[in-house]
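Here the sequence shown is numbered in full-length UniProt numbering, starting from 1 and rising by one per residue. In this text, a Cβ means the ideal position worked out from N, Cα and C, and glycines have one as well. Written out below as structure tokens is the structure these notes cover.
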Amino acid sequence: MLGGQPYVEAQDGLSVQDWMRKQGIPDRVTTEVFIAMSKALNFINPDELSMQCILIALNRFLQEKHGSKMAFLDGSPPERLCMPIVNHIESLGGQVRLNSRIQKIELNKDATVKNFLLSDGSIIKGDAYVFATPVDILKLLLPEEWKPLPYFKKLDKLVGVPVINVHIWFDRKLKNTYDHLLFSRSPLLSVYADMSVTCKEYYDPNRSMLELVFAPAEEWIARSDSDIIDATMSELSRLFPDEIAVDQSKAKILKYHVVKTPRSVYKTVPDCEPCRPLQRSPIEGFYLAGDYTKQKYLASMEGAVLSGKFCARAIVQDYELLAAREKVVAEASLV
Ligand SMILES: Cc1cc2nc3c(=O)[nH]c(=O)nc-3n(C[C@H](O)[C@H](O)[C@H](O)COP(=O)(O)OP(=O)(O)OC[C@H]3O[C@@H](n4cnc5c(N)ncnc54)[C@H](O)[C@@H]3O)c2cc1C
Numbered sequence: 001m002l003g004g005q006p007y008v009e010a011q012d013g014l015s016v017q018d019w020m021r022k023q024g025i026p027d028r029v030t031t032e033v034f035i036a037m038s039k040a041l042n043f044i045n046p047d048e049l050s051m052q053c054i055l056i057a058l059n060r061f062l063q064e065k066h067g068s069k070m071a072f073l074d075g076s077p078p079e080r081l082c083m084p085i086v087n088h089i090e091s092l093g094g095q096v097r098l099n100s101r102i103q104k105i106e107l108n109k110d111a112t113v114k115n116f117l118l119s120d121g122s123i124i125k126g127d128a129y130v131f132a133t134p135v136d137i138l139k140l141l142l143p144e145e146w147k148p149l150p151y152f153k154k155l156d157k158l159v160g161v162p163v164i165n166v167h168i169w170f171d172r173k174l175k176n177t178y179d180h181l182l183f184s185r186s187p188l189l190s191v192y193a194d195m196s197v198t199c200k201e202y203y204d205p206n207r208s209m210l211e212l213v214f215a216p217a218e219e220w221i222a223r224s225d226s227d228i229i230d231a232t233m234s235e236l237s238r239l240f241p242d243e244i245a246v247d248q249s250k251a252k253i254l255k256y257h258v259v260k261t262p263r264s265v266y267k268t269v270p271d272c273e274p275c276r277p278l279q280r281s282p283i284e285g286f287y288l289a290g291d292y293t294k295q296k297y298l299a300s301m302e303g304a305v306l307s308g309k310f311c312a313r314a315i316v317q318d319y320e321l322l323a324a325r326e327k328v329v330a331e332a333s334l335v
């Protein structure tokens, strides 16, 4: 890290495990510290994760005043995160349409975007087009004409990683949880928290509600919810031996909820940093946003927000070009 950003970037070719071994750091350190960190950052183990990812996170902890701060939303994301964003957009005259996915990017003869065709059959035309889905969806909807371009071709290496979220409501308050995010290096669990302690909306003095990230999830994503709950309870019985038993002879499950995301954030394996695209694409008037696009943070909410800012900046910079283009299209349609 003393080598600065160029050094950090140069470590993209090595996995965390390989980098540790290259420095002569015993595998014990990887097992005791970096399993938890790798899973928390990208839902995979140190033998797969690019070392650059760890160094970027550590750099932030060291260099930014609030870099290591952790916080919880005080309620459910649709209500506490999405609704304020929707209200803001609508207050400025924008529109948010749910359940209307982009089904096709339709092109003009010059391979620029003619319109987006939505799943409800409607057509969206714009002066500029921003595509802000996860990278796997972009790849699925990419027009044939664009596929050979190196900018889009290198997206092949970016693939979403599977992850599972488990929510368990227990009949009692667990004593060994804390008002914080907890990091596990157990084989199947990653970060978790007792939401009845950490989060105002779920506060309960008598019963715990654990929310856990189950990762790596590659081998579990197709399994049944009850298999996943059984495996989670088996892991929890090792983390809370006095309070949780697999057969529920100790804390009992009142209800549970399993959320599977077969393709979540892009898998940060070695050598994928050069494949992350800039927000301005080579197609005039077509832009990308999303955590996988080029920005200094990792695959995270902050990264997604920063990518949106870069995307907006690119559109503002291109304003005159876009306006001139609009004029040419309008004139052509009059002829
Ligand atoms: C289990 C889990 C835990 C996480 N924890 C954290 C955390 O603690 N902190 C953190 O910073 N990050 C966390 N992340 C990562 C964070 O959620 C992502 O980095 C962030 O959501 C990426 O934002 P995005 O806008 O790039 O993509 P997304 O949030 O995936 O948004 C893409 C949007 O595109 C929409 N879409 C998909 N297909 C179409 C289509 N055809 N047409 C139109 N729209 C479409 C989707 O519905 C979605 O709303 C976590 C991720 C997971 C899966």
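Pairing L189 with S281, the inter-Cα distance amounts to about 38 Å.
Proximity of the beta carbon of R101 to ligand 1 is indicated: a heavy atom of the ligand is located closer than 7 Å. For the 8 Å CB-CB criterion, P150 and I221 do not form a contact. Y129 and F240 do not touch by the CB rule: their CB atoms are close to 50 Å apart, not below 8 Å. Each residue's CA atom was taken as its position, placing A40 and R238 some 19 Å apart. Set against 7 Å, the gap from the CB of N42 to the closest heavy atom of ligand 1 is not smaller.
With a threshold of 7 Å, the Cβ atom of S264 counts as near ligand 1, since some heavy atom of the ligand is closer than that. With 16 or more other CB atoms across the displayed protein chains lying within 10 angstroms of its CB, L210 is buried. Judged by their CB atoms, G303 and A132 are not nearer to each other than the 8 Å cut-off. DSSP places H88 within a helical segment (H, G or I) once states are collapsed to three. Partner residues in a beta bridge of W220, as assigned by DSSP, do not exist. Ranking L321, E284 and P84 by CA distance to the CA of W146 puts E284 first. Here K255 is bridged, per DSSP, to W169.
Residue environment for A10: exposed (fewer than 16 other C-beta atoms within 10 angstroms of its C-beta). For D194, the shortest C-beta to heavy atom distance toward ligand 1 is 7 Å or greater. Three or more beta-carbon pairs separated by less than 8 Å are not found between the segment 17–34 and the segment 74–84, which leaves the two stretches without contact. Bridge pairing for N115: E106 [DSSP]. Apart from the 5 residues on each side of it in sequence, G75 sits with its Cβ closer than 8 Å to the Cβ of C199, K200 and E201 in its chain, given in chain order.
Under the three-state reduction of DSSP, G303 is assigned to helix. For K114, same chain residues with a beta-carbon under 6 Å away, outside a window of 5 residues either side, are E106, L107 and N108 in chain order. In the three-state reduction of the DSSP assignment, R280 falls in the strand class. The alpha-carbon of G126 is positioned some 15 Å away from that of A111.
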